[in-house]
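S.K.: Pasting a structure here, questions to come.
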Amino acid sequence: MIDESRSGVSPDEGAFRQVEARLHRYGQGHVLRWWSELGEEQRRSLLGQIQRIDFDQLLQLYKAYSRRGETASTAADDVRPPSSIIGLPRGRSEQAEWDRAVRRGWELLEAGRVAAVVVAGGQGTRLKFRHPKGLFPIGPVSGCSLFQLFAEQVLARSRRAGRPIPYLIMTSEATHEETVQFFESHDFFGLLRDNVRFFRQGQMPVVDAATGRLLLESKDRIATSPDGHGGLIAALARSGLLDWLAQHGIDLLFYHHVDNPCVKVCDPTFLGFHAMHDAEMSLKVVEKAYPEEKMGVVVERDGKTQIIEYIDLPPEMAGERDDRGRLRLWAGSPGIHVFSRFFLERLARQGHGLPFHAALKTVAYVDERGRRVEPAEPNAVKFERFIFDALPLAERVVVVETDRGQEFHPIKNCKQDDTTPDTPEAAREALSTNWRRWLLAVGAQCEDVVTVEISPLVALEPEDLRGIVQPGATCSEALLLRPDPAECRGFDHRSSEPGGRQGRG
Ligand code: UTP
308 MIDESRSGVS PDEGAFRQVE ARLHRYGQGH VLRWWSELGE EQRRSLLGQI QRIDFDQLLQ
368 LYKAYSRRGE TASTAADDVR PPSSIIGLPR GRSEQAEWDR AVRRGWELLE AGRVAAVVVA
428 GGQGTRLKFR HPKGLFPIGP VSGCSLFQLF AEQVLARSRR AGRPIPYLIM TSEATHEETV
488 QFFESHDFFG LLRDNVRFFR QGQMPVVDAA TGRLLLESKD RIATSPDGHG GLIAALARSG
548 LLDWLAQHGI DLLFYHHVDN PCVKVCDPTF LGFHAMHDAE MSLKVVEKAY PEEKMGVVVE
608 RDGKTQIIEY IDLPPEMAGE RDDRGRLRLW AGSPGIHVFS RFFLERLARQ GHGLPFHAAL
668 KTVAYVDERG RRVEPAEPNA VKFERFIFDA LPLAERVVVV ETDRGQEFHP IKNCKQDDTT
728 PDTPEAAREA LSTNWRRWLL AVGAQCEDVV TVEISPLVAL EPEDLRGIVQ PGATCSEALL
788 LRPDPAECRG FDHRSSEPGG RQGRG
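Residue 308 is where the sequence shown starts when you use the numbering used here, and the numbers rise one by one after that.
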């Protein structure tokens, strides 16, 4: 296995020998197979990559995977729906509580105590988009990106609160450069450059599912994948951002995924409930659409609120219904949370990297003959941490129900298939439907066929349209409302009515 041509080579002979011995101890010597063909820089980079791998951890993780496979079994009797949920307001007293929460949320925003974080390090394999998911064009009329929609929400809320809301963006090796460049080339979508903080999550080596051996992505690189959205806590601590938040007096972090264009970034009501209950971690829940839906479910187990990932939920349990025909485990997690900074700091201090989960995936690699192989079937194991594994570690958790139609339409697949209906078309339609409802709510007339897009800089909620859209205004084509009249379509700013002269295009 060891090629003589490796001897006497730089970089540092001693370091090389150490690495080589370590690799052999763990049965991973094959990763140096192409050493003799590599240039100086490639050797240095490969060596560095190997030195960063925790082989003991990897071995343990692979052993656990081989024993259990992908899924952990979940016993039916120890899992129940969460007993304490703040449901959507149905009566007057509940509405009063929600109103109180909104006010509290705005107070927090006005006091500058809130930042938002988007986890945007995923590889988005199912979407088959060649760029980071945040760059995906989602605006139903303008084709604006997911990042633009989120950044404009942050900007609009900051303006309203009279305080900047920092926006933290977690990237990975796969998404970092392009994401930073995208924000730069769009002038940070109007946000203060200093308040947009990019930080990278960790990477984990990818191993062959049958043998546990490291896969080579190329002759000089071990295949790796981002360490899951649960890599957030370690990445925040490592990047110094937890300290940065503390220095800026920020003690709440609103968390969201990059692939849900309907998320209400820094939703004041949600922030308010979190603070009113002095929670360490809060989560929104939506009603699961069907038993096989690929989303985590929020449950109570061992007296603690937890999320079970869909692959860990046995189908018979996922399909159980109550007397009214509703799914027993109905509370799906759209991946929208609030964290208290103290909680994140505590976890980081305790070295809580959160546990790793194994997933069987299809990963291209270079084989022993140096050829690139694109497997048709899953061949590799990736290891990921899930952010919701922080839940049982939190002392106080708040669960808030939210309207699925308004707030959750993730983009997962490029086209609809048997496994998920979560396509870009479905998300665009949902956005448009929601915005159309906003127009109707302020008295405009808008047919179902009209595609509508309203920039968050124009309105964050229907009420904001009062005074902009006159009651009785009609619209019959694609309608785009942006703060700059020149960018609008189907809307005449002078008459403040949809359907005006600028309406073509
Ligand atoms: P998903 O679990 O849906 O993964 O991510 P994905 O990478 O977007 O898509 P597939 O599964 O490869 O098709 C949910 C959220 O978690 C983020 C994603 O960017 C998305 O916002 N995420 C996921 C990370 O930030 N890092 C990761 O390592 C994994």
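Each residue gets a CB set at the ideal place from its N, CA and C atoms; glycine is no exception.
Nearest to ALA542 by alpha carbon, out of ALA517, GLY660 and TYR562?
M.R.: Comparing Cα-Cα distances from ALA542 to each of ALA517, GLY660 and TYR562, the minimum goes to GLY660.
S.K.: Is VAL426 close to the ligand UTP? I mean its beta-carbon at under 7 Å from any heavy atom of the ligand.
M.R.: Yes, the ligand UTP has a heavy atom inside 7 Å of this Cβ.
S.K.: Pick from GLU714, GLN325 and VAL759: whose alpha carbon is nearest that of GLN569?
M.R.: Gln is not the amino acid found at residue 569; the sequence shown has Cys there. Taking only the C-alpha atoms, the option nearest CYS569 is GLU714.
S.K.: Cβ of HIS438 versus every heavy atom of the ligand UTP: is any distance shorter than 7 Å?
M.R.: Checking every heavy atom of the ligand UTP against the Cβ of HIS438, none is found closer than 7 Å.
S.K.: Taking the CB atoms as reference points, tell me whether GLY431 and LYS440 lie closer together than 8 Å.
M.R.: Result yes, Cβ atoms of GLY431 and LYS440 sit closer than 8 Å.
S.K.: By Cβ distance, which residues of its chain are closer than 6 Å to PRO763, with the 5 residues on each side in sequence left out?
M.R.: Excluding sequence neighbours, PRO763 sits near GLU459, GLN460 and ALA463.
S.K.: Buried or exposed: where does LEU395 fall if 16 or more other Cβ atoms within 10 Å of its Cβ makes it buried?
M.R.: The residue is exposed, with fewer than 16 neighbouring Cβ atoms inside 10 Å.
S.K.: Are there 16 or more other CB atoms within 10 angstroms of the CB of ALA334, so buried, or fewer, so exposed?
M.R.: According to the sequence displayed, residue 334 carries Gly and not Ala. Classification for GLY334: exposed.
S.K.: With respect to 7 Å, is the separation between the Cβ of VAL565 and the closest non-hydrogen atom of the ligand UTP below this value?
M.R.: Flag set: Cβ of VAL565 near the ligand UTP.
S.K.: Check whether the Cβ of THR432 sits closer than 7 Å to any heavy atom of the ligand NAP, and report yes or no.
M.R.: Ligands in the displayed structure: the ligand UTP; the ligand NAP is not one of them.
S.K.: Secondary structure at PHE580, three-state DSSP: helix, strand or coil?
M.R.: Helix, per DSSP.
S.K.: Please classify MET511: does DSSP put it in a helix, a strand, or coil?
M.R.: MET511: strand per DSSP, three-state reduction.
S.K.: Report the rounded CA-to-CA distance for GLY538 versus VAL756, giving the unit in angstroms.
M.R.: The alpha-carbon atoms of GLY538 and VAL756 are separated by roughly 42 Å.
S.K.: Which residue comes first and which comes last in the beta strand (DSSP E) that contains ILE476?
M.R.: Run containing ILE476: 474 to 478, per the beta strand (DSSP E) assignment.
S.K.: Determine, using beta-carbon pairs with one atom in the region 412 to 428 and one in the region 476 to 493, whether at least three such pairs fall under 8 Å.
M.R.: Verdict: yes, contact present.
S.K.: In the structure shown, what three-state DSSP assignment does PRO790 receive?
M.R.: Correct three-state label for PRO790: coil.
S.K.: The ligand UTP and LYS611: does any heavy atom of the ligand fall closer than 7 Å to the residue's C-beta?
M.R.: Because no heavy atom of the ligand UTP lies under 7 Å away, the Cβ of LYS611 does not count as near it: no.
S.K.: Could you give the first and the last residue of the continuous beta strand (DSSP E) run that contains HIS483?
M.R.: Looking at the DSSP string, HIS483 is not in any beta strand (DSSP E); the run it does join, the alpha helix (DSSP H), is 483 to 492.
S.K.: With DSSP run on the structure shown, which of helix, strand or coil describes LEU764?
M.R.: It is coil, neither helix nor strand.
S.K.: Could you check if HIS564 is buried or exposed, using at least 16 other CB atoms within 10 Å of its CB as the buried criterion?
M.R.: Classification of HIS564: buried, given that the 10 Å Cβ count is 16 or more.
S.K.: Do you know offhand how far ARG808's Cα is from TRP742's?
M.R.: Any reading at ARG808 must be qualified, since the residue scores a pLDDT of 37, below 50, and its modelled position is unreliable; the value itself is stated next. Computed Cα separation, rounded: 21 Å.
S.K.: Output the distance between the C-alpha atoms of GLU770 and ALA544, rounded to the nearest integer angstrom.
M.R.: One C-alpha to the other measures close to 39 Å.
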